[in-house]
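Enquirer: Before we start, here is the structure in question, set down as structure tokens.
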Amino acid sequence: MKFQKPRGTHDILPQEAVVWRWVEQTAREVCDRFRYREIRTPIFESTGLFERGVGETTDIVEKEMYTFADKSERSLTLRPEGTAGVVRAYVENKLYAEPDVQKLFYIGPMFRNERPMAGRNRQFHQFGVEALNSSDPAIDAEVIALGFSIYEALGLRNVRVEINSVGTPECRSAYRQALRDFFAPKLALMCPDCQSRFDRNAMRLLDCKVDTQACEGAPSILEFLDEAANEHFQNVQAHLKALDIPFVVNPSLVRGLDYYTHTAFEYMAEGIGAITTIGGGGRFNGLVEAVGGPEQSGVGLGLGLERAILIAQAQQLELPKETALDVFVAGLGEAAELVTFEWVHKLRKAGIRAERDYQSRKFKTLFKAAERQNARWMAILGDDELAQQVVTLKYLSTGEQQTVPWTEWISTIQSK
RNA sequence: GCGGUCGUGGCGAAGUGGCUAACGCAUCGGUCUGUGGCUCCGACAUUCGCGGGUUCAAUUCCCGUCGAUCGCCCCA
Numbered sequence: 042m043k044f045q046k047p048r049g050t051h052d053i054l055p056q057e058a059v060v061w062r063w064v065e066q067t068a069r070e071v072c073d074r075f076r077y078r079e080i081r082t083p084i085f086e087s088t089g090l091f092e093r094g095v096g097e098t099t100d101i102v103e104k105e106m107y108t109f110a111d112k113s114e115r116s117l118t119l120r121p122e123g124t125a126g127v128v129r130a131y132v133e134n135k136l137y138a139e140p141d142v143q144k145l146f147y148i149g150p151m152f153r154n155e156r157p158m159a160g161r162n163r164q165f166h167q168f169g170v171e172a173l174n175s176s177d178p179a180i181d182a183e184v185i186a187l188g189f190s191i192y193e194a195l196g197l198r199n200v201r202v203e204i205n206s207v208g209t210p211e212c213r214s215a216y217r218q219a220l221r222d223f224f225a226p227k228l229a230l231m232c233p234d235c236q237s238r239f240d241r242n243a244m245r246l247l248d249c250k251v252d253t254q255a256c257e258g259a260p261s262i263l264e265f266l267d268e269a270a271n272e273h274f275q276n277v278q279a280h281l282k283a284l285d286i287p288f289v290v291n292p293s294l295v296r297g298l299d300y301y302t303h304t305a306f307e308y309m310a311e312g313i314g315a316i317t318t319i320g321g322g323g324r325f326n327g328l329v330e331a332v333g334g335p336e337q338s339g340v341g342l343g344l345g346l347e348r349a350i351l352i353a354q355a356q357q358l359e360l361p362k363e364t365a366l367d368v369f370v371a372g373l374g375e376a377a378e379l380v381t382f383e384w385v386h387k388l389r390k391a392g393i394r395a396e397r398d399y400q401s402r403k404f405k406t407l408f409k410a411a412e413r414q415n416a417r418w419m420a421i422l423g424d425d426e427l428a429q430q431v432v433t434l435k436y437l438s439t440g441e442q443q444t445v446p447w448t449e450w451i452s453t454i455q456s457k
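Pasting the structure below:
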């Protein structure tokens, strides 16, 4: 019986795992400087959390969740995004009672049952942050700057930041009405997708690629922001400008999760086929309360890790490689086997990366093996060496070779 | 969820309704009983994603299925 990995999942092999560690470590380091602390929450949660938190009418909840019943018939769901779980933990552990703004980050797998394509998997990985209990526009800008800083630290070029304000729920419902009024007369001429969007999610009409000309002259959400929302948005922009974060305002930027209010933003880059969004986020002022906590606000972001890696590859950045081997110990003959084994262990205990052969290959082939592992030294233990308690050490890049007593073995390797 | 393309050894890649399924790289062995990145020789797919059908005969044709990939939708 031969098995395949489930559709839309990926094995991360040792060579690629190095790249993943680099991305994760970079994100962690940036978080440390920005003072965001790691939180680890379960990979599955009560289904209701996502229905409530992400929004009943979102695509994610309507058709993309991995939902299952456990043996007690509890409905559980593999997390499709990170914010709901973090906010649930925030409320459940009463972190809202802490005096300072809670700045949290997470990193890990998410699950959505979608049609896979480049940059879109059913199990994918996100890094994200959430800043809870502050409505200060400065923290919106800080979050946007944090994500941008991670892309910078990774060396990604041409990352664009687009921002928008989706206002308060009240602003939005007034705006949706205005949009329907605007599109109603031309609806019959528009594409089927748009016709279904009209009722379900009028703001998405602006996103349509088919009927771009129909959108000309459509009202902008920005005209419907109340004074406070507008001031907040202007303030976020002022803070971004102060940091020289390049951004453009895109009034038709909408995000797919219901909990967003005020600031919405996306990071975009070219290089993954049709996909350009590599990260995004926004403010979610009603979410803490919706999940059973006090009336507190929050703002956060999520970055797609495989998308960041795809962009790095598309831009041909120099990616980290696996560590090189310090010394390959070649034992010749049966008498050397045990001594080889012992010495490999001694070298390792001394902090040296040491390896040997376990396939009884011939001496010459061991050089190839050593080369494949990028070994710096080859150590040779044959009958002669054993008799005299010495080892022949060959520096592979130059071919220089010397024979030293066992007492000098480790120090010679460490010398270069 | 809808539409297009694709699926041959570890990797890359020919090919055909029918004798032993090219070739390249990689790997292992010999050439060279203890010194690599060269040469030459040899080994390496009871089998062409899986299941079914057509046929005297299918890896090659048809259907289904699984998977990959591209686009739409949506998103990270």
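Sequential numbering of the first sequence, starting at 42, is according to our numbering.
The beta-carbon is built from N, C-alpha and C at its ideal position, and this holds for glycine as well.
Remember, it's a predicted structure, so these values are computed and weren't measured experimentally.
Using a Cβ-Cβ cut-off of 6 Å (strictly less than) and excluding sequence neighbours within five positions of His273, which residues of its own chain qualify?
Expert: Same-chain partners within the cutoff: Pro178, His303.
Enquirer: Please look up how many angstroms separate the CB atoms of Arg163 and Asn174, rounded, as I've assumed it's under 8 Å.
Expert: Not quite, the Cβ-Cβ distance comes to about 34 Å (not below 8 Å), so this is no contact.
Enquirer: Suppose the cutoff is 6 Å on Cβ atoms and the five residues either side in sequence are ignored; what does the same chain contact list for Glu307 look like?
Expert: Glu203, Thr318, Gly321, listed in sequence order.
Enquirer: Under the three-state reduction of DSSP, which class applies to Ser190: helix, strand or coil?
Expert: Helix, per DSSP.
Enquirer: Ser338 by DSSP, collapsed to three states: which one?
Expert: In this structure, Ser338 counts as coil in the three-state DSSP scheme.
Enquirer: Could you say which of Cys72, Pro83, Leu294 lies nearest to Val184 if we only look at CA atoms?
Expert: Of the listed residues, the one whose Cα sits closest to Val184 is Cys72.
Enquirer: Leaving out the 5 sequence neighbours to the left and right, which residues in its chain are closer than 6 Å to Met309 when beta-carbon positions are compared?
Expert: Counting only Cβ-Cβ distances below 6 Å, and skipping sequence neighbours, we find Arg201, Thr317, Thr318.
Enquirer: Under a three-way DSSP split, which group does Gly196 fall into?
Expert: The answer is coil: DSSP assigns Gly196 none of H, G, I, E or B.
Enquirer: With distances taken from CA atoms, which of Arg69, His280, Ala219 is nearest Ala259?
Expert: For Ala259, the nearest C-alpha among the options comes from Ala219.
Enquirer: For Glu139 and Val132, I'd like the C-alpha separation in whole angstroms.
Expert: Each residue's alpha carbon lies about 11 Å from the other.
Enquirer: Compare the beta carbon distance of Leu434 and Trp418 with 9 Å and say whether it is the shorter of the two.
Expert: Closer than 9 Å, so yes.
Enquirer: In the DSSP assignment, find the alpha helix (DSSP H) that holds Trp447 and state where it starts and stops.
Expert: Trp447 -> no alpha helix (DSSP H), and no H or E assigned at all.
Enquirer: Would you call the CB atoms of Glu149 and Ile84 closer than 9 Å?
Expert: Per the sequence shown, the amino acid found at residue 149 is Gly instead of Glu. Result yes, Cβ atoms of Gly149 and Ile84 sit closer than 9 Å.
Enquirer: Return helix, strand or coil for Met158, following the three-state DSSP convention.
Expert: Looking at Met158 - three-state DSSP - the assignment turns out to be strand.
Enquirer: Look at the Cβ atom of Ala411, then the Cβ atom of Gln455, and state whether they are nearer than 9 Å.
Expert: Cβ distance not < 9 Å, so Ala411 and Gln455 don't count as in contact.
Enquirer: If you draw a straight line from the C-alpha of Pro287 to the C-alpha of Met244, how long is it?
Expert: Each residue's alpha carbon lies about 25 Å from the other.
Enquirer: Which of helix, strand or coil does DSSP assign to Phe165?
Expert: Looking at Phe165 - three-state DSSP - the assignment turns out to be strand.
Enquirer: Between the segment 357-366 and the segment 59-73, do at least 3 Cβ pairs fall closer than 8 Å?
Expert: Touching, yes.
Enquirer: Report all residues from its chain with a CB closer than 8 Å to the CB of Thr444; omit the five preceding and five following residues, and keep chain order.
Expert: So the qualifying residues of the chain are Glu426, Val431, Val432, Thr433, Leu434.
Enquirer: In whole angstroms, what is the alpha-carbon distance linking Gly345 and Phe44?
Expert: So the two alpha carbons sit approximately 28 Å from each other.
Enquirer: Anyone know if the C-beta pair for Gly343 and Thr99 falls short of 9 Å?
Expert: Result no, Cβ atoms of Gly343 and Thr99 do not sit closer than 9 Å.
Enquirer: Per the DSSP calculation, Tyr24 is bridged to which residue(s)?
Expert: This structure does not reach residue 24, given that the chain is present from 42 up to 457, and the question cannot be answered.
Enquirer: With DSSP collapsed to three states, give me the class of Leu422.
Expert: Leu422 falls in the strand class under three-state DSSP.
Enquirer: Below 6 Å CB to CB, which residues in the same chain sit around His166 once its five sequence neighbours on both sides are set aside?
Expert: Same-chain partners within the cutoff: Pro150, Leu346.
Enquirer: When you compare each of Leu117, His386, Arg217 to Trp450 by their alpha carbons, which one comes out closest?
Expert: Checking every option, the nearest Cα to that of Trp450 belongs to His386.
Enquirer: So Glu122 and Ile101 are in contact, right, with Cβ under 8 Å, and what is the actual spacing, rounded?
Expert: About 7 Å; that satisfies the 8 Å criterion.
Enquirer: Since Gly458 and Ile313 should fall inside the 8 Å C-beta cutoff, what is the C-beta to C-beta distance between them, to a whole number of angstroms?
Expert: The structure shown does not extend to residue 458, since the chain is modelled only from 42 to 457, so the question has no answer here.
Enquirer: Once you ignore the five residues that flank Asn119 on each side, which residues in its own chain have a CB closer than 6 Å to its CB?
Expert: The displayed chain sequence assigns Leu, not Asn, to residue 119. Phe85, Tyr107, Phe152, listed in sequence order.
Enquirer: In terms of DSSP beta bridges, what is Glu203 paired with?
Expert: Bridge partners of Glu203: Val289, Glu307.
Enquirer: Spatial neighbours of Phe91 within its chain, please: CB distance less than 7 Å, with the 5 preceding and 5 following residues excluded, ordered by chain position.
Expert: The answer, listed in chain order, is Val102, Met106, Thr118, Pro121, Ala125.
Enquirer: Please name the residue or residues paired with Val385 in a DSSP beta bridge.
Expert: BP columns for Val385 are empty, so no partner.
Enquirer: So Ala420 and Val370 are supposed to be a Cβ contact under 8 Å. How far apart are they, rounded?
Expert: About 4 Å separates the two Cβ atoms, so the contact holds.
Enquirer: Within 10 angstroms of its Cβ, does Gly341 collect 16 or more other Cβ (buried), or is it exposed?
Expert: Per the 10 Å Cβ criterion, buried.
Enquirer: If distances are taken between C-alpha atoms only, which option among Leu284, Pro335, Leu263, Gln337 comes closest to Ala305?
Expert: Out of Leu284, Pro335, Leu263, Gln337, Leu263 has the C-alpha closest to the C-alpha of Ala305.
Enquirer: Thinking C-alpha only, which one of Gly94, Lys135, Val207 is nearest Ser293?
Expert: Looking at the Cα atoms, Val207 is the closest of the given residues.
Enquirer: So, helix, strand or coil for Phe274, using DSSP?
Expert: Here Phe274 sits in helix by DSSP.
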